[in-house]
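Enquirer: Sharing a structure, written as structure tokens. Questions coming.
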Amino acid sequence: MATDEARSADARAIDRPGADVKEPIDWGRVAYNVGFGVVLLFFTILFLYPLVWLFFASVKPGSEVFSGNLLPSVWRWDNYPRLMDQQPVLQWAWNSTLVTVLASVTVTITSALVAFAFAYFRFPFRGVVFGIVLASMMLPGAVTMIPNYLIWDFLGFNNTLVPLWAGNLFASPFYIFMLRQFFLGLPRELFDAARVDGANYLRMWWSVAVPLTRAALIVVFIFELKVAWTDLVRPLIFLRDIATFTLPRGLKAIIDNPSIGGEKHFELLAVGGILITVPMIIVFFLGQRYFIEGIATTGSTGR
Amino acid sequence: MTRWSRLVPVLAIVMLVLAACGPSGESQSAAASEPDGSQPAGSEPAASGSGGEGTGGMNASGELFAYGFGYETGDIIAKTRVDVFNEQYPDVDITFSESGFEDQGFLTALASGDAPDVVNLPRNKIGTYIARGVLQPLTDCMDQAGLDPNVFYEGARNQVTVDGEMYALPEFYNTRVWIINNAAFEDAGLDPESVDWSDWDSIAQANEALVKNDGGLTRIGIDPKLPEFLSMWVRALGGQVISDDGMESLLDTPEVAQAVEFGKSLIEANGGINEFTDFRNTWDFFGANNQVAADQIGAWPMEQWYLNVLAENSPDAEITVKPFVDQEGNTTTLQDGNSWAITADTDNPDAACAFITTMVAKDTWVAAAQARADQREADGLPNTGVYTANSEADDVIFNDIVDLSDYPSLQEAVQVVLEGQDTAFGFPPSPAGAEFQQALTDAVNRVLSGEADVQQALSDADAEAQDAIDAAAR
Amino acid sequence: MTTVVQGKEVRSVGGVPWTPNTRRETLWALVFLSPWIIGLIIFTAGPMLWSLYLSFTDYDPLRPDITFIGLDNYVAMLGDRRVATSLFNTAFYTVFHVPLSMAIALFLALILNRVGGKMAGFFRTAFYLPNVTPAVAVGTLFLLLLNGSNGLVNQGLALIGIDGPSWLVDPTWIKPGIILMSLWTVGNTVIIYFAALRNVPTELYEAARIDGAGAWNQFRNITLPMISGALFFTLVINTIASLQMFSEVYTIFFGQQQGQSAGAGEAALFYVIYLFRNAFEFFKMGYASALAWVLFLVIMVITVIQVRGSRRFVYYEGE
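These protein sequence lines map, in sequence, to chains U, R and Z.
For the first sequence, counting from 1, position 74 maps to 74 in the numbering used here; every step adds exactly one.
For the second sequence, counting from 1, position 205 maps to 205 in the numbering used here; every step adds exactly one.
For the third sequence, counting from 1, position 211 maps to 211 in the numbering used here; every step adds exactly one.
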């Protein structure tokens, strides 16, 4: 449980490579490490197995998807081209990518601006205004759905990708709250020093606050990547033409295939599930380096 | 984050200010429809010509948007019919939502002021929309197209008719039949032919003989399919769950109570609802190792399209098909399916009418059925046809296109299905159909799980359903 | 109200002394806040107000007429059996899900924090991956995993001699099953804690070790206070999210797909699901708006209590 122990163990290993070998075997520590490994493995399996199952379901013949066996009797890699022949999957993937990138970039920048204002500036009724941020976060999304739909329709963006991301131009309460916590963790003196150097507030935000919270910003970015990528409700409401669909919306269309006669292809559904999930896995793997590095950087320079 | 107590008044003030500046609902929706009015619909060459080179009998052109239907994502039956329409009416530019009907999606589409022109929706849901004036009566359209309402099966017609006017054209026609797993019956020492399906004691006995428990449930005897098919069991007793006009809940009647009790007793004999449902959820329902092939069920009432699934995935598993009958022995089956309707606000009623009448016309269905027959033949699979709500189309399809002479048991099964079609009944056009179904489903589930006794559950449900109908019928 | 600043009497506005400096900061704050303010007015406050108004009407989106019916919707809620049921279900879920997910996420974050070497990235990703799985897929997966007959969960329980319950059918076990499913996606919370743990200065631990503090004491006196901000944040967020649980449960128990159980009925009826059904299946938008506003008020009260209660425990370096 103790993080310090872990770190000191790592540190020792780095400082004195090979030194451990000569020490007498500490059975308590061995048991601890084995136990630790078992727990780690247990949770890893717990989290990964269902996804592994989904993958194998996507290369099974249709009749085996719900069978008890994990592995297919025949590997049907052609399920993938089959789905792509049937549906404009590449177009959906492009739409999803566009929406996701725009949504994540805009919400990260604007939320950081707003969060900084709450963390740094002293202005009248700050607590109350921030209370409104919290309050707006608590509003069940279903309540504002229809009015929001009418607004985007009024603006003429119905059946385009715009409503899927443009709302993010106006920051998000969730991220404002989150980033404010991070900004509050920064010592005020850093900013006062920048002010003494003559930086205006926007510059100060950009050159002092943003770099110091890069890790938190990347967290927001990745969170929003996931939210925008998996969002189904908005595409469901705003998109009607198949060419404008995002991947989840497309998957829903496959689920809702109005064919009669039980011609549901669950293996193709699994293909869709894999196609949606894999890009996120890749992004997370790639982003992780910056993610962790960013957190580490903040950890050392922010204090 | 200080002075939380001030939050509420401040919120209130913010809102009052906003209320003063904000547009009212009316002006908002009026404004919302404005951009749409100026959109391409009008700029297309309007209905001026003779309908181009098309062969369609009506004068139709311009743009159409269809909600609740898929062309790109549709099967051969969907594609062929749309192709037929496009050939007949080349001047009509039709686009599809490509997704199945959802109340929510349809609602938002309607609310946008850019309403779909035509909609494909389940007949069970149609009463809700008729009561709200969302759909157009189709008498004029059918006159124009020369479509005789009597070509549709009566059961389907009743589902879409309010005050003598039809509001939708029935599309598919799904009826229920008993599907009997011969292997299970043999195993239990029963003859599939000898069970009297009009005698509920006989059904209960067969159930007990068929159920197989091997440390856990390994074969369900007879699945009553509750709550989904409750109305059919109630019919078998001569009762109804709701009045024919859909305005009066009959959930608190003795027939309903008796049907629920009977269904519960069948499930109890299989070990109770928990084990029963869990086991059922493990079936490879659409696969080669389905519950019949795997000998996991004795018999159950099922939609007729499932015969296709069986024929395709487990052609070696032998089944017997029997009509669902009431206690007098008369066939009585529940039917449902989709239908095509025109929205009240469409700006292209002529094209909408041309489209929906073409989609359910005899020749269109025959073309689609032929296309599927060709496809099946190429794949070396039996073709069991398409069950449409258009009886004239069915006549052609099952007399001229479907040829099952190589598959005697399937042929027999199809015959049983066809025999039940004329007397099938459907859920009436109730203004609160969804709430009624919720009340019915919850009541049955409460009884099956033992949370409430039959009387209590049904009287609660009856009160809820009636309140909902009364409120919706305003 | 007046305060004394640098020997001068200054008017105090909104809890802040109104000096030229304050005026400048306020103006700048407005610039920084402007994206949110615009969004709040157009996409939150406006629609909220609209729905508050609707809650006092019998609004049906498909009917032209709206009648003002005062508090009728709120009164009707009192007599609606499903409101009580869904409130109970939602409360039950929240009371178990929130503490459990926080405890498990903290445990996992501590594990992650300890993992070094090349495999660290792999494990971090493994823990987070369930979160990138779309809700529809999560629901479908657990429909299979939680099956009472031969689902993976009960297969696992059988290994240790437990005869697993009917997670998807038995009204007693449906909610525990949903809680189990919800714990599969604790990845978000894990990442937040993990980031917070990484931000705890190592010097603090070094100093504590010099003082001879043991592992537990270090955890209790350094780790917990230093990540209290993150703990508080997730407490609030997870509570709000739990009270609005929708997608996965809707997929499993209220979907219309063939082959699924006909619905667990009322045991899985969560508040927002009932709200959604009223609004979009029964078209009782007025009633649904009343349901939404009650939920909003409930969430607000709970959050205020949490914020007040947390003041004693949460530590901010900046304030």
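Just so it is clear, CB atoms sit at the ideal spot from N, CA and C, and this is done for glycine as well.
Just so you know, these numbers come straight off a predicted model, no measurement behind them.
Are the Cβ atoms of Z:P152 and Z:L143 separated by less than 7 Å?
Expert: In the third sequence, the residue the question calls residue 152 of chain Z occupies position 152. In the third sequence, the residue the question calls residue 143 of chain Z occupies position 143. It is worth fixing the name first, because residue 152 of chain Z is Leu in this sequence and not Pro. Result no, Cβ atoms of Z:L152 and Z:L143 do not sit closer than 7 Å.
Enquirer: Taking 8 Å as the cut-off, does the region 403–415 of chain R touch the region 212–224 of chain R (at least 3 CB pairs, one atom from each stretch)?
Expert: Cβ pair count under 8 Å is below three, so no.
Enquirer: Counting only beta-carbon separations shorter than 7 Å, does R:S391 have a partner in chain U?
Expert: Translated into positions along the second sequence, residue 391 of chain R becomes position 391. Output row for R:S391: interface = no.
Enquirer: Reducing DSSP to helix, strand and coil, say where R:L379 ends up.
Expert: Translated into the one-based positions of the second sequence, residue 379 of chain R becomes position 379. Sequence check: residue 379 of chain R is Asp here, not Leu. R:D379: helix per DSSP, three-state reduction.
Enquirer: Distance check for Z:F122 and U:I282, CA to CA, integer angstroms please.
Expert: Taking the first residue of the first sequence as 1, we reach residue 282 of chain U at position 282. Taking the first residue of the third sequence as 1, we reach residue 122 of chain Z at position 122. One C-alpha to the other measures close to 12 Å.
Enquirer: Are there 16 or more other CB atoms within 10 angstroms of the CB of Z:N131, so buried, or fewer, so exposed?
Expert: Sequence index remark: in the third sequence, residue 131 of chain Z carries index 131 (1-based). Per the 10 Å Cβ criterion, buried.
Enquirer: Measuring alpha carbon to alpha carbon, tell me which of Z:Y74, Z:N89 and Z:D65 ends up nearest Z:T172.
Expert: For the purposes of this step, residue 172 of chain Z is taken as the residue at position 172 of the third sequence. It is Z:N89 whose Cα lies nearest to the Cα of Z:T172.
Enquirer: For R:A269, which option in R:A206, R:P301 and R:V256 has the closest C-alpha, if you only look at C-alpha atoms?
Expert: Counting from one through the second sequence, the residue named residue 269 of chain R turns up at place 269. Comparing Cα-Cα distances from R:A269 to each of R:A206, R:P301 and R:V256, the minimum goes to R:A206.
Enquirer: Please report how far the alpha carbon of R:L7 lies from the alpha carbon of Z:L297, in whole angstroms.
Expert: Sequence index remark: in the second sequence, residue 7 of chain R carries index 7 (1-based). Sequence index remark: in the third sequence, residue 297 of chain Z carries index 297 (1-based). No answer about R:L7 holds up, because its pLDDT of 41 lies below 50 and its placement is not dependable.
Enquirer: Using beta-carbon positions only, say whether R:A257 and R:V454 come within less than 7 Å of one another.
Expert: The residue given as residue 257 of chain R occupies position 257 in the second sequence. The residue given as residue 454 of chain R occupies position 454 in the second sequence. Cβ atoms of R:A257 and R:V454: closer than 7 Å.
Enquirer: The beta strand (DSSP E) spanning R:F65 covers which residue range?
Expert: By 1-based counting over the second sequence, the position of residue 65 of chain R is 65. That run of the beta strand (DSSP E) goes G62 to Y67.
Enquirer: How big is the Cα-Cα spacing for R:A341 and Z:R63?
Expert: The residue given as residue 341 of chain R occupies position 341 in the second sequence. The residue given as residue 63 of chain Z occupies position 63 in the third sequence. Their Cα atoms are separated by approximately 18 Å.
Enquirer: Pull out every residue of the region 193–214 of chain U whose Cβ sits closer than 7 Å to any Cβ of chain Z, in chain order.
Expert: Residues Y201.
Enquirer: Using only the alpha-carbon positions, how far apart do Z:A267 and R:R446 sit?
Expert: Along the third sequence, one-based indexing puts residue 267 of chain Z at 267. Along the second sequence, one-based indexing puts residue 446 of chain R at 446. Cα to Cα, Z:A267 sits roughly 10 Å from R:R446.
Enquirer: Name the two residues that bound the continuous alpha helix (DSSP H) containing R:A341.
Expert: Position 341 of the second sequence holds residue 341 of chain R. Counting along the chain, R:A341 falls outside any alpha helix (DSSP H), though it belongs to the beta strand (DSSP E) covering N338 to I342.
Enquirer: For Z:Q257, does the count of other Cβ atoms within 10 angstroms reach 16, so buried, or fall short, so exposed?
Expert: Numbered from its first residue, the third sequence carries residue 257 of chain Z at position 257. Low local confidence applies: a pLDDT of 41 at Z:Q257 is under 50, so the model's placement there is unreliable, with the coordinate-based value given in what follows. Exposed, by the Cβ-count rule.
Enquirer: Which of the three DSSP states is assigned to U:K60 in this structure?
Expert: Counting from 1 along the first sequence, the entry for residue 60 of chain U is found at position 60. Coil, per DSSP.
Enquirer: Is the Cβ-Cβ distance between Z:Y205 and Z:A109 less than 7 Å?
Expert: Taking the first residue of the third sequence as 1, we reach residue 205 of chain Z at position 205. Taking the first residue of the third sequence as 1, we reach residue 109 of chain Z at position 109. Contact flag unset, no.
Enquirer: Taking Z:V236 and Z:S101 to be in contact with their CB atoms under 8 Å, please state how far apart those CB atoms are, rounded to whole angstroms.
Expert: Residue mapping note: residue 236 of chain Z aligns to position 236 of the third sequence, counting from 1. Residue mapping note: residue 101 of chain Z aligns to position 101 of the third sequence, counting from 1. Incorrect: roughly 13 Å between the Cβ atoms, too far for contact.
Enquirer: If we cut at 7 Å on Cβ distances, does Z:A126 have a partner in chain U?
Expert: As a first step, residue 126 of chain Z must be located in the third sequence, where it is residue number 126. Yes, contact with chain U.
Enquirer: Going along the chain, which unbroken runs of the alpha helix (DSSP H) with 4 or more residues stay wholly within the region 41–72 of chain Z?
Expert: Runs of the alpha helix (DSSP H) inside the region 41–72 of chain Z: 46–54.
Enquirer: Give the DSSP bridge partners of Z:T125, in chain order.
Expert: Here the question's residue 125 of chain Z lines up with position 125 in the third sequence. None; Z:T125 has no bridge partner.
Enquirer: What does DSSP give as the partner residue(s) for R:N390 in the beta ladder?
Expert: Here residue 390 of chain R refers to the residue found at position 390 when the second sequence is read from its first residue. Answer is R:F152, bridged to R:N390.
Enquirer: Grab me the residues of U:M137's own chain with a C-beta within less than 7 Å of its C-beta, minus the 5 sequence neighbours each way, in chain order.
Expert: Start at 1 with the first residue of the first sequence, and residue 137 of chain U comes out as number 137. Once the five neighbours on either side are set aside, the close Cβ partners of U:M137 are P173, F174 and F177.
Enquirer: Look up R:W300 in the DSSP assignment and give the residues it is bridged to.
Expert: Reading the second sequence from its first residue, position 300 is the one you call residue 300 of chain R. Beta-bridge pairing links R:W300 to R:I179.
Enquirer: Give the residues of chain U in contact with Z:A105, contact being defined as C-beta atoms less than 9 Å apart.
Expert: In the third sequence, residue 105 of chain Z corresponds to position 105, counting from 1. What Z:A105 touches in chain U: nothing, since even the nearest Cβ is about 11 Å away.
Enquirer: Beta-carbon of R:S312 versus every beta-carbon of chain Z: anything under 7 Å?
Expert: Position 312 of the second sequence, counted from the start, is the residue given in the question as residue 312 of chain R. For clarity, residue 312 of chain R is Glu in the given sequence; the question names Ser instead. Output row for R:E312: interface = no.
Enquirer: On the DSSP letters alone, give me the boundaries of the beta strand (DSSP E) that R:I94 sits inside.
Expert: As a working mapping, residue 94 of chain R is identified with position 94 in the second sequence. Taken as a continuous stretch (DSSP letters only), the beta strand (DSSP E) holding R:I94 covers V92 to F96.
Enquirer: What are the boundary residues of the alpha helix (DSSP H) that includes U:K226?
Expert: Translated into the one-based positions of the first sequence, residue 226 of chain U becomes position 226. R214 to T230 is the extent of the alpha helix (DSSP H) around U:K226.
Enquirer: Let's see if you can read the secondary structure: which residues bound the beta strand (DSSP E) around R:R219?
Expert: Counted from its first residue, the second sequence places residue 219 of chain R at position 219. R:R219 -> beta strand (DSSP E) spans L217 to I222.
Enquirer: Between the region 91–124 of chain R and chain U, which residues of the former have CB atoms less than 9 Å from a CB of the latter, in chain order?
Expert: Hits within the stretch, in order: T95, F96, S97, E98, S99, G100, F101, E102, Q104, G105, L107, T108, A109, A111, S112, G113, D114, P116 and N120.
Enquirer: I'd like to know if U:A117 contacts chain Z, where contact means its C-beta is closer than 7 Å to some C-beta of that chain.
Expert: As a first step, residue 117 of chain U must be located in the first sequence, where it is residue number 117. Closer than 7 Å to some Cβ of chain Z, the Cβ of U:A117 qualifies, so yes.
Enquirer: For R:V292, which of R:T277, R:A311, R:F276 and R:E275 has the nearest alpha-carbon?
Expert: On the second sequence, residue 292 of chain R is found 292 positions in, with the first residue counted as 1. Among R:T277, R:A311, R:F276 and R:E275, the Cα nearest to that of R:V292 is on R:A311.
Enquirer: Should U:A296 be labelled buried (16 or more other beta-carbon atoms within 10 Å of its own) or exposed?
Expert: Mapped onto the first sequence, residue 296 of chain U falls at position 296. Unreliable placement is indicated for U:A296, whose pLDDT of 43 sits below 50; no coordinate value is reported for it.
Enquirer: Would you call U:E189 buried or exposed, if buried means 16 or more other Cβ atoms sit within 10 Å of its Cβ?
Expert: Counted from its first residue, the first sequence places residue 189 of chain U at position 189. Looking at its Cβ environment, which holds fewer than 16 other Cβ atoms inside 10 Å, U:E189 is exposed.
Enquirer: Which chain Z residues are close to U:Q181, counting only those with a beta carbon under 7 Å from its beta carbon?
Expert: Position 181 of the first sequence, counting from 1, holds the residue named residue 181 of chain U. Result: G229 and F233.
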